[in-house]
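So the structure is just underneath, and the comments pick up after that.
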Amino acid sequence: MAKVYLALYKGRKTIKTPKDLAFRIIEWVIRKVTGGQYSHCEIAVSVAFSDSLFDCYSSSFRDGGVRCKRMPLPAEKWDLIVLDNQQIVMERLFSLWRNTKGKRYDLLGVLCVTSFFRRFLRQSADKWFCSEWCGEVMGVAEPLLCSPVDLAEWSQDKRKAV
Numbered sequence: 011m012a013k014v015y016l017a018l019y020k021g022r023k024t025i026k027t028p029k030d031l032a033f034r035i036i037e038w039v040i041r042k043v044t045g046g047q048y049s050h051c052e053i054a055v056s057v058a059f060s061d062s063l064f065d066c067y068s069s070s071f072r073d074g075g076v077r078c079k080r081m082p083l084p085a086e087k088w089d090l091i092v093l094d095n096q097q098i099v100m101e102r103l104f105s106l107w108r109n110t111k112g113k114r115y116d117l118l119g120v121l122c123v124t125s126f127f128r129r130f131l132r133q134s135a136d137k138w139f140c141s142e143w144c145g146e147v148m149g150v151a152e153p154l155l156c157s158p159v160d161l162a163e164w165s166q167d168k169r170k171a172v
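Going left to right, the sequence shown walks through residues 11 to 172 as our numbering numbers them.
Now the structure itself:
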């Protein structure tokens, strides 16, 4: 069976174009607002025939919303945390994927995730941000309130409790 991970992006986008600069600024803002080293997260499923490729599911600002993308996750840019209850996580992953594939990215939601206003945000069924989407797959109680840093801490705390 393939292993399932929470993949946390700690890299920095290389700036080659004005669009790259915009992504880099958004990454910086997310890190500042959340007070951590991560600006994005994915649910990553190892690919059976490869040691370096993963099928990555998330909602991505760069890609416009909920998508699956096969990609390498080099250690200098990504931290991987093996998720507990692999079978349950896989079931949640594919169920949420079927129901949200193609939904738009929620930029307002991600920018408010650690602000005073987050308690007043209404969940949009049509928009998702990365940690909200991954938190839903992981079974976090209130994924709308989570940042990538929160999910990393939640995963580590859960492992310590077992």
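Even for Gly, the Cβ is constructed at its ideal location relative to N, Cα and C. Predicted model, so just to flag it, every value in this text is computed and none were measured.
Own chain residues within Cβ distance below 6 angstroms of residue i, not counting five before or after
{"i": "Arg41", "result": "Ser49"}
{"i": "Phe25", "result": "Note that residue 25 is Ile in the sequence shown here, rather than Phe. Leu31 and Arg34, listed in sequence order."}
{"i": "Val120", "result": "Phe139"}
Closest Cα partner of residue i within the set the options
{"i": "Thr44", "options": "Ser165, Asp160 and Gly75", "result": "Asp160"}
{"i": "Ala54", "options": "Ile91, Lys87, Pro158 and Asp136", "result": "Ile91"}
{"i": "Leu117", "options": "Phe139, Ser105 and Glu52", "result": "Phe139"}
{"i": "Arg22", "options": "Cys66, Glu86, Leu154 and Ser60", "result": "Glu86"}
{"i": "Cys144", "options": "Trp88, Ser70 and Pro84", "result": "Ser70"}
{"i": "Asp65", "options": "Glu146, Leu103, Lys20 and Cys156", "result": "Leu103"}
{"i": "Tyr19", "options": "Asp94, Ser62 and Ser141", "result": "Ser141"}
{"i": "Gln166", "options": "Asn109, Thr27 and Asp89", "result": "Asp89"}
{"i": "Asn109", "options": "Ser60, Asn95 and Ser68", "result": "Ser68"}
{"i": "Ala162", "options": "Pro28, Cys51 and Asp30", "result": "Cys51"}
{"i": "Asp61", "options": "Trp107, Pro84 and Thr24", "result": "Pro84"}
{"i": "Leu106", "options": "Gln47, Glu146 and Phe59", "result": "Glu146"}
With 16 other Cβ atoms within 10 Å as the buried cut-off, status of residue i
{"i": "Phe38", "result": "According to the sequence shown, residue 38 is Trp rather than Phe. With fewer than 16 Cβ atoms within 10 Å of its Cβ, Trp38 is classed as exposed."}
{"i": "Gly75", "result": "buried"}
{"i": "Val172", "result": "Residue placement at Val172 is flagged as unreliable, the pLDDT there being 45, under the threshold of 50; the coordinate-derived value follows with that caveat. Flag for Val172 reads exposed."}
Where the alpha helix (DSSP H) through residue i begins and ends
{"i": "Lys142", "result": "For the record, residue 142 in the displayed sequence is Glu; it is not Lys. Taken as a continuous stretch (DSSP letters only), the alpha helix (DSSP H) holding Glu142 covers Cys140 to Met148."}
{"i": "Lys29", "result": "Pro28 to Thr44"}
{"i": "Ile98", "result": "Gln96 to Thr110"}
Endpoints, the beta strand (DSSP E) within which residue i is located
{"i": "Glu52", "result": "His50 to Ser56"}
{"i": "Gly75", "result": "Gly75 to Pro82"}
{"i": "Ile91", "result": "Trp88 to Val92"}
{"i": "Cys156", "result": "Per DSSP, Cys156 belongs to no beta strand (DSSP E) and is neither H nor E."}
{"i": "Phe64", "result": "Leu63 to Ser70"}
8 angstroms Cβ shell around residue i - same chain, five flanking residues per side excluded
{"i": "Arg72", "result": "Phe33"}
{"i": "Val7", "result": "Nothing about residue 7 can be read from this structure; the chain reaches only from 11 to 172."}
Chain-order list of residues whose beta-carbon lies under 7 angstroms from that of residue i (same chain, five-residue window excluded)
{"i": "Ile4", "result": "Shown here, the chain extends from 11 to 172; a query on residue 4 therefore has no answer."}
{"i": "Trp164", "result": "Val150"}
{"i": "Gln47", "result": "Lys20 and Arg41"}
Touching or not, the stretch 78 to 85 and the stretch 146 to 163, by the rule of three or more beta carbon pairs under 8 angstroms?
-> No: the two stretches stay apart, fewer than three of their Cβ pairs being nearer than 8 angstroms.
Assess, as a yes-or-no matter, whether the stretch 93 to 104 is touched by the stretch 11 to 20 under the definition of 3 or more beta carbon pairs within less than 8 angstroms.
-> With three or more CB-CB distances shorter than 8 angstroms, the stretch 11 to 20 counts as touching the stretch 93 to 104.
Any contact of the stretch 134 to 148 with the stretch 106 to 124, i.e. 3+ C-beta pairs under 8 angstroms?
-> A contact exists between the stretch 134 to 148 and the stretch 106 to 124.
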